[in-house]
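Novice: Residue 212 in the working numbering is what sits at position 212 of the sequence shown, and the numbering runs on without skipping anything. Ideal placement from N, C-alpha and C gives every residue a C-beta, glycine not left out.
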Amino acid sequence: MPARVTLPVAMAEPMWTEVTASQERFDSKEQVMSKPLCVIVGSGEGLGRALAAKFATCGFDLALISRSEKNSAVVIDAVAQINGASRARFFCADVTQPETLELAIGTITREMGEIDLLIYNVRGSFADCEPLELSYDALETVYRQEVIGAFAAAKAVLPGMISRSRGSIFFSSATAALRGSGTHPLYAIGKFGLRALSQSLSKAYARHGIHIVHFRLDCDLDTPIMQERYDQEYDPTKLASPDAVAQSYWLTYQQPRSAWSNEVELRPYTEAWTY
């Protein structure tokens, strides 16, 4: 039986009634019990690590996709320390080359099983420039990172999810998805496209039981890179904890079908809204 969440008596209406995502599932092909599987595209030390750790803690196996095994190795070690019962494996792909993503996800499905959750956690260029300073190559690259790569990953998992009438696809994004920028146009263009993709997929496939969410992070994350960048002005209360953000992804994953969020915005309580 799935574990149930005990809610305070004061809550008139619970956000959810059951936690079923972390329970083991029965694989009829192999006649064995298997864990739910989460695929993370973009599994670096920041949010990628936190997401992997959170879902491993909740009983998921992890498939980590990135160009470099070095970054994923750190995440795999973290998962092993948190939950030795969860598998975490690295698969190589370049999001700017969609065929490599399709191949990697095909391999994951054959070797690890059905994919329950896809998290596309990729960030394009945050280069500081004016729009007329953009090069065609830079524009094409960011579009491949943010939109084509995201589409390739979603395209690779959606048929299986639709056939099972369940599955979730989460896109990590930013407030740049809502506003253009005269100083960071590449980032805005990429995130605008990602949000449009997320909404389009949700409108087409939510009716098939697929939960598709665009996560808009209106903040900087409290990572070593950002700590170094802020230097003497570093204040943890003004940054979002990657672990806290990962917790919000997990809570969204548990939402009942009758009340799904398709757009989630996150920011620390100290954040001055940027739009």
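For Ile148, which residues from the same chain have a beta carbon less than 7 Å from its beta carbon, with the 5 sequence-adjacent residues on both sides left out?
Specialist: Same-chain partners within the cutoff: Pro98.
Novice: Less than 7 Å between C-beta atoms, sequence neighbours within five positions excluded: which residues of the same chain meet that for Phe126?
Specialist: Taken in chain order, the residues that qualify are His184 and Tyr187.
Novice: Around the C-beta of Gln145, are 16 or more other C-beta atoms found within 10 angstroms, so that it is buried, or is it exposed?
Specialist: With 16 or more Cβ atoms within 10 Å of its Cβ, Gln145 is classed as buried.
Novice: Using DSSP with H/G/I as helix, E/B as strand and the rest coil, what is Asp94?
Specialist: Asp94 falls in the coil class under three-state DSSP.
Novice: Hey, how far is the Cα of Tyr249 from the Cα of Leu103?
Specialist: Distance between the alpha carbons of Tyr249 and Leu103 is about 26 Å.
Novice: With C-beta atoms as the reference, is Val75 less than 9 Å away from Ala93?
Specialist: Not in contact: Val75 and Ala93 (Cβ atoms no closer than 9 Å).
Novice: On the three-pair Cβ rule with 8 Å, is the segment 158 to 166 touching the segment 192 to 200?
Specialist: These segments do not touch.
Novice: Helix or strand or just coil, what does DSSP make of Val213?
Specialist: Note: Val213 maps to strand in three-state DSSP.
Novice: Which of the three DSSP states is assigned to Arg49 in this structure?
Specialist: The answer is helix: DSSP assigns Arg49 an H, G or I state.
Novice: So for Asp61, helix, strand or coil by DSSP?
Specialist: If DSSP states are grouped into helix, strand and coil, Asp61 belongs with the strands.
Novice: Starting from the Cα of Thr141, find the closest Cα among Ile115, Ile105, Gly193 and Glu114 and give me that residue.
Specialist: The option with the nearest alpha carbon to Thr141 is Gly193.
Novice: Kindly list the residues whose CB is nearer than 6 Å to the CB of Thr237, restricted to its own chain and excluding five residues on each side of it in sequence; keep chain order.
Specialist: So the qualifying residues of the chain are Thr270.
Novice: Quick check: the segment 214 to 223 against the segment 173 to 180, are there 3 or more CB pairs under 8 Å?
Specialist: In short, these stretches touch, since the Cβ pair count reaches three.
Novice: Please classify Ile115: does DSSP put it in a helix, a strand, or coil?
Specialist: In this structure, Ile115 counts as coil in the three-state DSSP scheme.
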